[in-house]
Amino acid sequence: MFFIIYLGSCVHKFTLDGIYDQRFGSAKTADFPEALSSPRGITVFPDTQQLLVADSHNDRLVVFDQNGQFQQLITNGIEY
Numbered sequence: 019m020f021f022i023i024y025l026g027s028c029v030h031k032f033t034l035d036g037i038y039d040q041r042f043g044s045a046k047t048a049d050f051p052e053a054l055s056s057p058r059g060i061t062v063f064p065d066t067q068q069l070l071v072a073d074s075h076n077d078r079l080v081v082f083d084q085n086g087q088f089q090q091l092i093t094n095g096i097e098y
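So the sequence shown is numbered by this note's numbering: it starts at 19 and just counts up by one.
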């Protein structure tokens, strides 16, 4: 299970038993691809199990793997 913390600028990962596993992302500017600034949404791609995070203050969508490793930017410079 994954949860985002809007003001914490990170994603928290828990096991299905509710045990805390890890945290990724950090409050940085978009100069760092793995940085998040006030994320507002998260979903999982069903085919790849990658995470798509709406990074609101950096105006972009960021893809991570299940271990929190940065994979790619889907888009950059959008406002929502």
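For glycine and all other residues, C-beta sits at the position ideal for the given N, C-alpha and C.
- Leaving out five residues on either side along the sequence, give the residues of the same chain with a beta carbon under 7 angstroms from the beta carbon of L25. S56
- Can you check whether the CB of V71 is closer than 8 angstroms to the CB of I22? yes
- Would you grab the beta carbon distance between N76 and A53 for me? Rounded to a whole angstrom, and I think it's under 8 angstroms. 7 angstroms
- Query: For C28, which residues of its own chain have a beta-carbon under 7 angstroms away from its beta-carbon, when the five flanking residues on both sides are left out?
  - Reply: R41, F42, G43, S44, L54
- Query: Cα-Cα, which of D83, L91, H30 is closest to D65?
  - Reply: D83
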